[in-house]
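What follows is one structure encoded as structure tokens, with my remarks underneath.
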Amino acid sequence: MDRTANARVASTRTVTRTPDFTLGKLWPLGLFFLLALLFPFLPLGDKREFLLQIGFFTLVAGIMALSWDILARSGQVSLAHAAFYGLGAYSYALLLKAGLPWMAAMPLAALAAGLFSVVLGAVTMRLSGMYFAIATLAFTEVVRTVIQNLPESVAGGANGLLVPALLGGNSRGQYLLALSLLLLTVLVSLAVRLTRLHHAFAAIRQGEETARVLGVPVVRYKLAAFFISSVLAALAGVLYAGKTFFINPLETFSLANSIAPLTTSIFGGLYTTLGPVLGATVLRVAEEILHNNVKNGYLVVYGLVLMLSILWLPRGLMGLFRRGRKGGDL
Numbered sequence: 033m034d035r036t037a038n039a040r041v042a043s044t045r046t047v048t049r050t051p052d053f054t055l056g057k058l059w060p061l062g063l064f065f066l067l068a069l070l071f072p073f074l075p076l077g078d079k080r081e082f083l084l085q086i087g088f089f090t091l092v093a094g095i096m097a098l099s100w101d102i103l104a105r106s107g108q109v110s111l112a113h114a115a116f117y118g119l120g121a122y123s124y125a126l127l128l129k130a131g132l133p134w135m136a137a138m139p140l141a142a143l144a145a146g147l148f149s150v151v152l153g154a155v156t157m158r159l160s161g162m163y164f165a166i167a168t169l170a171f172t173e174v175v176r177t178v179i180q181n182l183p184e185s186v187a188g189g190a191n192g193l194l195v196p197a198l199l200g201g202n203s204r205g206q207y208l209l210a211l212s213l214l215l216l217t218v219l220v221s222l223a224v225r226l227t228r229l230h231h232a233f234a235a236i237r238q239g240e241e242t243a244r245v246l247g248v249p250v251v252r253y254k255l256a257a258f259f260i261s262s263v264l265a266a267l268a269g270v271l272y273a274g275k276t277f278f279i280n281p282l283e284t285f286s287l288a289n290s291i292a293p294l295t296t297s298i299f300g301g302l303y304t305t306l307g308p309v310l311g312a313t314v315l316r317v318a319e320e321i322l323h324n325n326v327k328n329g330y331l332v333v334y335g336l337v338l339m340l341s342i343l344w345l346p347r348g349l350m351g352l353f354r355r356g357r358k359g360g361d362l
């Protein structure tokens, strides 16, 4: 009985402890957004369009990684991110096809993905660990198969679907829109950290039974995490669709779009706001450098670099900032 009581007391202290967070810790994020905002206005020369494209997809990768990390904070390891990414892209394309302006189609597409996530969450809430991950992966395949087998007049079938260019194809405008949505994702992440969601997610991650003993409505908070994460991932899908002008089921719902956010979050630092953003920036830039310098097998080199980084930095890039520094993470 003594051990049980002590465990409950320790868990309560861990869960209810206020995050060690001050406005002074926002400066790395502030610096990142300042540099990112200045980037499209620099004299980039004849490589302007190419560099803006790299910057755009780096921001999209940041949104995906941070949205996945928000879900992971509740202890859920999902492989359904490609599903919500793809649902956002296809919903956006179909809403535009129906005549809606892009400013209305974007939030509606994100909301549609969020509603799907609630359905999936309600079905899979009893699963955990590997079983939950497999179920979410299966969901992605089901969604891809359904989209692929819809009549071509509806969603383009296996051949894909043309999408009007976002903001008329203006590269700077597209980049700034992606930066705005990344800022929104960061603000959502900080809001989660500074509210009771942080305590609830931490309790569930440490153990659902313990969380229930502490009075945490586990199902409600897990669904909330799933909803928030999927809406943000869908916004990334909207950006992708509007930038590439074309989407198809095999590429949009690919396993890589589920694995990349997971890997990026781990590389940058789990359960933080800055970590996934930093990880996405480093990995995306490294990928481009390797692609341009290692024509054959650059993905192998990229994979080795990533694997060694994870082995030597088990707490991600944020682990470097933790060394010799007291206090919580951003």
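Each residue of the sequence shown is one higher than the one before, counting from 33 in this note's numbering.
The beta carbon of each residue, even a glycine, is placed where N, CA and C say it ideally should be.
Treat the numbers as computed from the prediction; the structure is a model and nothing was measured.
### Task
Assign LEU194 to one of three DSSP states: helix, strand, or coil.
Within the sequence shown, numbered from 1, the residue matching residue 194 stands at position 162. Strand.
### Query
How is PHE116 classed by DSSP in three states: helix, strand or coil?
Sequence index remark: in the sequence shown, residue 116 carries index 84 (1-based). Residue state, collapsed to three classes: helix.
### Query
Where does TRP344 land, buried or exposed, given buried means 16+ other C-beta within 10 angstroms?
Position 312 of the sequence shown, counted from the start, is the residue given in the question as residue 344. TRP344 comes out exposed.
### Query
Rounded to whole angstroms, how far is the Cβ of ALA273 from the Cβ of VAL195, which I believe are closer than 8 Å?
The residue labelled residue 273 in the question sits at position 241 within the sequence shown. The residue labelled residue 195 in the question sits at position 163 within the sequence shown. Yes, they are in contact, since the Cβ atoms of ALA273 and VAL195 sit about 5 Å apart, within 8 Å.
### Message
Nearest by alpha-carbon distance to ALA256: which of LEU127, ASN191 and LEU147 is it?
### Response
Mapped onto the sequence shown, residue 256 falls at position 224. Comparing Cα positions, the closest option is LEU147.
### Opposing strand residues paired with PHE278 [DSSP bridges]
The count along the sequence shown starts at 1 and reaches residue 278 at position 246. Paired residue(s): LEU194.
### Query
Span of the alpha helix (DSSP H) holding PHE64?
Reading the sequence shown from its first residue, position 32 is the one you call residue 64. From DSSP, the alpha helix (DSSP H) with PHE64 extends over 59-70.
### Query
Under three-state DSSP, which class holds TYR207?
Position 175 of the sequence shown, counted from the start, is the residue given in the question as residue 207. In the structure shown, TYR207 sits in a helix (DSSP, three-state: H, G or I).
### Task
Output the boundary residues of the alpha helix (DSSP H) element that contains GLN85.
Numbered from its first residue, the sequence shown carries residue 85 at position 53. Per DSSP, GLN85 belongs to the alpha helix (DSSP H) from 80-104.
#### Entry: Bounding residues of the alpha helix (DSSP H) (the contiguous stretch that carries ARG347)
Counting from one through the sequence shown, the residue named residue 347 turns up at place 315. Element bounds for ARG347: n/a, residue is neither H nor E.
### Message
So, for ARG316: in the same chain, excluding its five sequence neighbours on each side, which residues have a beta-carbon less than 8 Å away from its beta-carbon?
### Response
The residue given as residue 316 occupies position 284 in the sequence shown. Correct list, in chain order: ILE86, PHE89, THR90 and ALA93.
### Query
Any idea if LYS254 is buried or exposed, counting beta-carbon neighbours within 10 angstroms, 16 or more meaning buried?
By 1-based counting over the sequence shown, the position of residue 254 is 222. Its Cβ being crowded by 16 or more others within 10 Å, LYS254 is buried.
### Message
Considering only their Cβ atoms, is the gap separating ILE236 from VAL224 smaller than 8 Å?
### Response
Numbered from its first residue, the sequence shown carries residue 224 at position 192. Numbered from its first residue, the sequence shown carries residue 236 at position 204. No, Cβ-Cβ distance for VAL224 and ILE236 is not below 8 Å.
### Message
My output table needs one value for SER212: the three-state DSSP class, helix, strand or coil.
### Response
If you number the sequence shown from 1, residue 212 lands on position 180. Three-state DSSP puts SER212 in a helix.
### Task
Given a cut-off of 8 Å, decide if SER286 and LEU111 are closer than it, judged by their beta-carbon atoms.
What you label residue 111 is simply residue 79 of the sequence shown in a count that begins at 1. What you label residue 286 is simply residue 254 of the sequence shown in a count that begins at 1. Against a cut-off of 8 Å, the Cβ pair of SER286 and LEU111 comes out as no contact.
#### Entry: Straight-line gap, ASN280 to VAL175 (C-alpha atoms, nearest Å)
Numbered from its first residue, the sequence shown carries residue 280 at position 248. Numbered from its first residue, the sequence shown carries residue 175 at position 143. One C-alpha to the other measures close to 13 Å.
### Message
Please report the distance separating the alpha-carbon of PRO139 from that of GLY335.
### Response
Translated into positions along the sequence shown, residue 139 becomes position 107. Translated into positions along the sequence shown, residue 335 becomes position 303. Their Cα atoms are separated by approximately 35 Å.
### Task
Reducing DSSP to helix, strand and coil, say where THR284 ends up.
Walking along the sequence shown from the start, residue 284 turns up at place 252. Correct three-state label for THR284: helix.
### Task
Could you tell me how far apart the beta carbons of GLY329 and GLY311 are, in whole angstroms, since I believe they sit closer than 8 Å?
Locating residue 329 in the sequence shown gives position 297, where the first residue counts as 1. Locating residue 311 in the sequence shown gives position 279, where the first residue counts as 1. Wrong, their Cβ atoms sit about 23 Å apart, outside the cutoff.
### Query
Are the CB atoms of PRO75 and LEU306 nearer to each other than 8 Å?
On the sequence shown, residue 75 is found 43 positions in, with the first residue counted as 1. On the sequence shown, residue 306 is found 274 positions in, with the first residue counted as 1. Against a cut-off of 8 Å, the Cβ pair of LEU306 and PRO75 comes out as no contact.
#### Entry: Distance cut-off 7 Å: LEU111 Cβ against heavy atoms of the ligand SAH
Annotation note on the ligand SAH: not contained in the displayed structure, which lists no ligands.
### Query
Are the beta-carbon atoms belonging to ILE95 and LEU193 less than 8 Å from one another?
Taking the sequence shown and counting its residues from 1, the one referred to as residue 95 is at position 63. Taking the sequence shown and counting its residues from 1, the one referred to as residue 193 is at position 161. No, the Cβ-Cβ distance between ILE95 and LEU193 is not below 8 Å.
### Query
Under 8 Å, do PRO293 and TRP100 count as touching if we go by C-beta distance?
Here residue 293 refers to the residue found at position 261 of the sequence shown. Here residue 100 refers to the residue found at position 68 of the sequence shown. Taking 8 Å as the Cβ cut-off, PRO293 and TRP100 qualify as a contacting pair.
### Task
If I'm right that GLY269 touches LEU169 with Cβ under 8 Å, what's the distance once you round it to whole angstroms?
Along the sequence shown, read from residue 1 onward, the residue named residue 269 stands at position 237. Along the sequence shown, read from residue 1 onward, the residue named residue 169 stands at position 137. 17 Å between Cβ atoms; not a contact.
### Query
What distance in whole Å lies between the Cβ atoms of PHE258 and SER123, which are believed to be in contact at a cut-off of 8 Å?
Taking the first residue of the sequence shown as 1, we reach residue 123 at position 91. Taking the first residue of the sequence shown as 1, we reach residue 258 at position 226. At roughly 17 Å, the Cβ-Cβ gap does not stay under 8 Å, so SER123 and PHE258 are not in contact.
### Message
At the level of alpha carbons, what is the spacing between MET350 and PHE65?
### Response
Looking up residue 350 in the sequence shown gives position 318. Looking up residue 65 in the sequence shown gives position 33. Rounded to the nearest angstrom, the two C-alpha atoms are 18 Å apart.
### Pick from PHE116, LEU340 and LEU69 that is closest to LEU267, judged by C-alpha positions
As a working note, residue 267 is residue 235 in the sequence shown. Among PHE116, LEU340 and LEU69, the Cα nearest to that of LEU267 belongs to PHE116.
### Query
Who are the near neighbours of PHE278 in its chain, counting only those whose CB is closer than 8 Å to its CB and skipping five residues on each side?
Numbered from 1 along the sequence shown, position 246 holds the residue referred to as residue 278. The residues are GLY192, LEU193, LEU194 and VAL195.
### Query
Is the CB-CB distance between VAL251 and MET157 below 8 Å?
The residue given as residue 251 occupies position 219 in the sequence shown. The residue given as residue 157 occupies position 125 in the sequence shown. It is a contact, given that the beta carbons lie within the stated cut-off.
### Task
Look at the Cβ atom of VAL97, then the Cβ atom of LEU211, and state whether they are nearer than 8 Å.
Here residue 97 is taken as the residue at index 65 of the sequence shown, counted from 1. Here residue 211 is taken as the residue at index 179 of the sequence shown, counted from 1. Sequence check: residue 97 is Ala here, not Val. Against a cut-off of 8 Å, the Cβ pair of LEU211 and ALA97 comes out as no contact.
### Task
Can you tell me which of LEU322, LEU58, LEU282 and LEU352 puts its alpha carbon nearest to the alpha carbon of GLU173?
By one-based count along the sequence shown, residue 173 stands at place 141. Comparing Cα-Cα distances from GLU173 to each of LEU322, LEU58, LEU282 and LEU352, the minimum goes to LEU282.
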